[in-house]
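Residue numbers (the numbering used here): 6 to 225.
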């Protein structure tokens with residue numbers, strides 16, 4: 006019985022250097038792409054050009070670019086590639102559908118980001134978070150319904166990762182603001198000018214969050 010149980014249990018070896026390097030590259034590239042895409046949407050909304058002129062499309066794209074990358078960040082080192090691709094597609098469709106519906110059913114005069122209410126954003130975030138923590142444990146155990154302990158461990162791990170990653174990203178910006186203030190004391194305002202540009206802020210924030218996810222990605 007004991008031998009059979011150990012044979013059936015999923016192995017959890019330490020990640021190989023190649024796998025760690027691959028996950029790092031994918032996460033950083035995903036973060037960079039997310040930041041650039043969100044910056045593009047912000048510019049479109051600011052300039053009132055397409056796709057910001059199409060309320061439902063803009064909301065759908067915003068929800069996809071904002072939340073779908075987190076599926077990759079959380080699952081690239083844990084999910085099988087087929088599972089990751091399918092789940093990311095489902096998450097993107099879910100985010101796009103809820104985003105478009107949230108705008109369609111809201112204030113018809115609101116445009117761009119203003120057309121999205123906080124309830125829509127919260128609903129998309131909650132559904133993707135819950136969905137991911139149903140998918141990953143099941144994929145880890147190669148069964149439709151995983152053990153309760155696996156659900157708990159994976160959800161707890163990603164919850165801690167999210168908090169630490171947000172803290173890391175906040176610390177990054179705090180460091181930039183402190184450096185900006187210190188350099189301004191000696192007449193150097195390059196950092197102050199840099200952090201005021203949205204083309205820097207969006208990608209830098211997304212990449213730093215991705216880097217934090219990688220740094221905190223410990224195998225339970």
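Built from N, CA and C at the ideal position, the CB exists for glycine as well. Keep in mind it's a predicted model, so treat the numbers as computed, not measured.
- When the Cα atoms are used, residue 33 and residue 72 turn out to be separated by approximately 15 Å.
- Per the Cβ contact rule, the segment 124–140 is in contact with the segment 96–104 (3 or more Cβ pairs under 8 Å).
- Counting only the Cα atoms, residue 173 lies some 11 Å from residue 212.
- For residue 185, the enclosing alpha helix (DSSP H) begins and ends at 153–190.
- With fewer than 16 neighbouring CB atoms inside 10 Å of its own CB, residue 123 falls in the exposed class.
- With contacts defined by Cβ atoms closer than 8 Å, residue 80 and residue 214 do not form a contacting pair.
- Cβ contact annotation for residue 185 (same chain, cutoff 7 Å, sequence separation greater than five): 196, 197 and 200, in chain order.
- For a cut-off of 8 Å, the C-beta gap from residue 64 to residue 104 is around 4 Å, short enough to register as a contact.
- Around the beta-carbon of residue 51, fewer than 16 other beta-carbon atoms lie within 10 Å, marking it exposed.
- The Cβ atoms of residue 78 and residue 218 sit closer than 8 Å to each other.
- Between residue 101 and the set 176, 89, 161 and 128, the nearest pair of CA atoms involves 128.
- Non-local C-beta neighbours of residue 89 in its own chain, meaning closer than 6 Å and more than five positions away in sequence, comprise 80, ordered along the chain.
- For residue 70, the closest C-alpha among the options 207, 175, 202 and 216 is that of 207.
- In the DSSP annotation of this structure, the continuous segment of the alpha helix (DSSP H) that includes residue 138 starts and ends at 123–146.
- The beta carbons of residue 170 and residue 210 sit about 11 Å from each other, so the pair does not count as a contact at 8 Å.
- Across the structure, residue 68 and residue 108 are spaced so that their CA atoms are roughly 11 Å apart.
- Of the other Cβ atoms in all chains shown, fewer than 16 fall within 10 Å of the Cβ of residue 22; this residue is therefore exposed.
- Residue 141 holds the alpha-carbon nearest to the alpha-carbon of residue 163 among 30, 141 and 151.
- For residue 151, the number of other beta carbons within 10 angstroms of its own is at least 16, and it is reported as buried.
- For residue 166 and residue 75, the gap between their C-alpha atoms comes out near 12 Å.
- The beta carbon of residue 29 lies closer than 8 Å to those of 219 in the same chain, with the five residues before and after it left out.
- Rounded to whole angstroms, residue 55 and residue 49 show a C-alpha spacing of 6 Å.
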